[in-house]
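Colleague: Following this message is one structure expressed as structure tokens.
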Amino acid sequence: MDPDPNAFIRCFRLPQFGTSLSDSEFDAHGEPVRHRRSRGKSRAGCDKCKERRVKCDEKRPSCWNCTKLRLHCGFLKDANVAVVTNLQSESAPVSFHLSDHLFRQFGQQESASTPFSFNPSSKLFSQFGQAQDNVNALTAPVSNGIYPPLNMSHMQLFHHFATVTSGTLVFGRHLWEEKVLPSAFKHEYLMHALLFMAASHLRHLQPHNSCHRMAELEHFSQVIPAFSAALLGPITEDNIYALPACSLLILQYAWACPELNNRDVNDAVDFGFGSLIGLYSGMRSLSLSLLTIRDQYLHSIMFHRPIFAIKRYSEGTSVVAELEEFFTHCCKCPEWCGTGDQNFDTRMEAAQRLLPILAALKLGERELEKSDVMQDIPRYLFVLPLVSSEQYGHLVRNNDEASLVILLYYFALVRRLLSGKYWWMRERSAHLCEWLLTRLGDKCERCVGWAREISAGQPIS
Numbered sequence: 001m002d003p004d005p006n007a008f009i010r011c012f013r014l015p016q017f018g019t020s021l022s023d024s025e026f027d028a029h030g031e032p033v034r035h036r037r038s039r040g041k042s043r044a045g046c047d048k049c050k051e052r053r054v055k056c057d058e059k060r061p062s063c064w065n066c067t068k069l070r071l072h073c074g075f076l077k078d079a080n081v082a083v084v085t086n087l088q089s090e091s092a093p094v095s096f097h098l099s100d101h102l103f104r105q106f107g108q109q110e111s112a113s114t115p116f117s118f119n120p121s122s123k124l125f126s127q128f129g130q131a132q133d134n135v136n137a138l139t140a141p142v143s144n145g146i147y148p149p150l151n152m153s154h155m156q157l158f159h160h161f162a163t164v165t166s167g168t169l170v171f172g173r174h175l176w177e178e179k180v181l182p183s184a185f186k187h188e189y190l191m192h193a194l195l196f197m198a199a200s201h202l203r204h205l206q207p208h209n210s211c212h213r214m215a216e217l218e219h220f221s222q223v224i225p226a227f228s229a230a231l232l233g234p235i236t237e238d239n240i241y242a243l244p245a246c247s248l249l250i251l252q253y254a255w256a257c258p259e260l261n262n263r264d265v266n267d268a269v270d271f272g273f274g275s276l277i278g279l280y281s282g283m284r285s286l287s288l289s290l291l292t293i294r295d296q297y298l299h300s301i302m303f304h305r306p307i308f309a310i311k312r313y314s315e316g317t318s319v320v321a322e323l324e325e326f327f328t329h330c331c332k333c334p335e336w337c338g339t340g341d342q343n344f345d346t347r348m349e350a351a352q353r354l355l356p357i358l359a360a361l362k363l364g365e366r367e368l369e370k371s372d373v374m375q376d377i378p379r380y381l382f383v384l385p386l387v388s389s390e391q392y393g394h395l396v397r398n399n400d401e402a403s404l405v406i407l408l409y410y411f412a413l414v415r416r417l418l419s420g421k422y423w424w425m426r427e428r429s430a431h432l433c434e435w436l437l438t439r440l441g442d443k444c445e446r447c448v449g450w451a452r453e454i455s456a457g458q459p460i461s
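As numbered in UniProt numbering, residues 1 to 461 make up the sequence shown, in order.
So this is what it looks like as structure tokens:
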């Protein structure tokens, strides 16, 4: 007689402590039948998802469904209340006197010690029309009601951007004040970009104040879907400044948020440089599209070549020849893995782009800081990845060590010359300098020694 096929399985059943098992709990092959576990419903979803009867992922400050559909998530309301509450509890609160006279001044400064005090110049805000029109613009939604009306915290962030943050961005304060700020009242995505950049700046200045981080996330979550939708439309005279300004702000914000928590990486791309290259490529494509619109001021910015003034500064000195010899050694140094004559021209082309600034620095840092050329260096270093060749990028991605030496000098110059005023470049340049110095080691001190001095702020030898 054949044995029962389930007998072997039944002898290994675990005790059920008072509950009985029936044969129906096993399938025809003797495998236990899986039962769906009951789960309690979450009541913590946002209001919009509850209204639409869809599952909410409960991510803050805005859930994915609301971000995707450009809806005002209920979580943002809670976050905004927290931001306003924290701001109002500061030791130097903001006071707005709602009289006609003070409306014409767009608020009155109460204390010079608070970064949120309002005392804008009449020139700054006269560009937005009559005073009452400005007030109406700030107390009404920026666009068609997708986002709630601008509130007190938004006005504080806008004021900080107009008076402080705009002076720490590339291309100069004039562009941001005269062209970008008025456009923000027409394009919601640009307004949010201004506000998240101001919040990021305040978080940098006051790292222990958590409300700045909340405001930063709140506005950044609104920018990406709206800006992506705007890029799908045509470029017109109405958005010719809004689109590139938003692109520039996102790129500069990416510099400020390196997210370099994972130190166990093998190449500079994974360590925080690759994300910038993608954004630079997008900005290059947008810049080419802008050429179809005739705008004299915009084209004067786009076609300005700061390298000419930088080259003239050190032209005719012996330093230039010394640096050419130095970089020739770096690009051919046998200590570096992957060094070969087939890639020498690509490396040397990248090094030649840094040579004028290195020459100016070697002639004397104090003299350089006092010269007019310091107005061109920030812009030149910022846009340098735009003009780097694809061949050089390929070498960097493949950890060509001689190419990484050149990349080290780029971030060392950024850290030395720009990280003071341009706060958003500071953390990434410092991290990349430290990582590249560790990655390259001490194989050739002649190649990396000067970069170490530049990065550390030591006197130039």
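Cβ coordinates follow ideal geometry from the N, Cα and C atoms, glycine included.
I need the DSSP call for G449, collapsed to helix, strand or coil.
Modeller: helix
Colleague: Assign G449 to buried or exposed, taking buried as 16 or more other Cβ atoms, counted over all protein chains shown, within 10 Å of its Cβ.
Modeller: Exposed, since its Cβ has fewer than 16 Cβ neighbours within 10 Å.
Colleague: If you draw a straight line from the C-alpha of R347 to the C-alpha of I406, how long is it?
Modeller: 8 Å
Colleague: Could you check how far apart the C-beta atoms of V180 and A245 are, in whole angstroms? I think they sit under 8 Å.
Modeller: 4 Å
Colleague: Does DSSP put F303 in a helix, a strand or coil?
Modeller: Shown here, F303 sits in coil according to DSSP, grouped into three states, outside any helix or strand.
Colleague: Is it the case that the Cβ atoms of R415 and C444 are separated by a distance below 8 Å?
Modeller: no
Colleague: If you measure between the beta carbons of Y253 and S200, is that distance less than 8 Å?
Modeller: yes
Colleague: Would you call the segment 188 to 199 and the segment 221 to 236 touching, i.e. three or more CB-CB distances under 8 Å?
Modeller: yes
Colleague: Would you call the CB atoms of L248 and I235 closer than 8 Å?
Modeller: no
Colleague: Quick check on the DSSP output: the alpha helix (DSSP H) that includes E367 runs from which residue to which?
Modeller: Counting along the chain, the alpha helix (DSSP H) containing E367 begins and ends at 365 to 370.
Colleague: What separation, rounded to the nearest whole angstrom, lies between the Cα atoms of L386 and G364?
Modeller: 28 Å
Colleague: With a threshold of 16 other CB atoms inside 10 Å of the CB of E216, please say whether the residue is buried or exposed.
Modeller: Looking at its Cβ environment, which holds 16 or more other Cβ atoms inside 10 Å, E216 is buried.
Colleague: Rounded to whole angstroms, what's the CA-CA distance from Q88 to M152? Just pull it up for me.
Modeller: Confidence in Q88 is poor, its pLDDT being 41 and thus under 50, which makes the residue's placement too unreliable to answer from.
Colleague: In its own chain, which residues sit with a C-beta less than 8 Å from the C-beta of L251, not counting the 5 before and 5 after it?
Modeller: L276, L279, Y280, M283
Colleague: Straight-line CA distance for S403 to K332?
Modeller: 10 Å
Colleague: Rounded to the nearest angstrom, what separates Y289 and L231 at their Cα positions?
Modeller: For the record, residue 289 in the displayed sequence is Ser; it is not Tyr. Each residue's alpha carbon lies about 11 Å from the other.
Colleague: How long is the line joining the alpha carbons of E324 and L354, rounded to whole angstroms?
Modeller: Each residue's alpha carbon lies about 11 Å from the other.
Colleague: Please work out which residues of its chain come closer than 7 Å, Cβ to Cβ, to S166, disregarding the five sequence neighbours upstream and downstream, and give them in chain order.
Modeller: R173, W176, E177
Colleague: If you measure between the beta carbons of R397 and W255, is that distance less than 8 Å?
Modeller: No, the pair does not count as a contact, with Cβ atoms beyond the cut-off.
Colleague: Note down the Cα distance separating S455 from R213, rounded to an integer number of angstroms.
Modeller: 29 Å
Colleague: Hey, which unbroken runs of the alpha helix (DSSP H) at 4 residues or more fall wholly within the segment 142 to 218?
Modeller: Segments of the alpha helix (DSSP H) lying fully in the segment 142 to 218: 152 to 163, 172 to 175, 181 to 184, 188 to 205.
Colleague: What do you reckon, are the CB atoms on L205 and F158 nearer than 8 Å?
Modeller: no
Colleague: Pick helix, strand or coil for C66, following the three-state DSSP scheme.
Modeller: Helix at C66.
Colleague: Measuring only the C-alpha atoms, how far is C257 from W424?
Modeller: 8 Å
Colleague: Can you have a look at F308 and say buried or exposed, based on whether 16 or more other CB atoms are within 10 angstroms of its CB?
Modeller: exposed
Colleague: If distances are taken between C-alpha atoms only, which option among I310, A229, H208, A162 comes closest to F196?
Modeller: Cα-wise, what sits closest to F196 is A162.
Colleague: Is L417 near I377, with beta carbons less than 8 Å apart?
Modeller: yes
Colleague: If we ignore side chains and look at the alpha-carbon of each, how far apart do E58 and H219 end up?
Modeller: 17 Å
Colleague: Would you tell me roughly how many angstroms separate the C-alpha atoms of E369 and C46, rounded to the nearest one?
Modeller: 52 Å
Colleague: So is H154 buried or exposed if we call it buried at 16+ other beta carbons inside 10 Å?
Modeller: buried
Colleague: Buried or exposed for D341, going by 16 or more other Cβ atoms inside 10 Å?
Modeller: exposed
Colleague: In terms of alpha-carbon separation, which member of P306, G393, P459 lies closest to L361?
Modeller: P459
Colleague: Starting from the C-beta of S419, find all residues in its chain whose C-beta is less than 8 Å away, skip the five residues before and the five after it, and write them out in chain order.
Modeller: M425, R426, S429, A430
Colleague: Contact check, R60 vs F75 under 8 Å by CB: the rounded distance?
Modeller: 5 Å
Colleague: Assuming A451 contacts L408 under a Cβ cut-off of 8 Å, what Cβ separation, rounded to an integer in Å, is found between them?
Modeller: Confirmed, about 5 Å.
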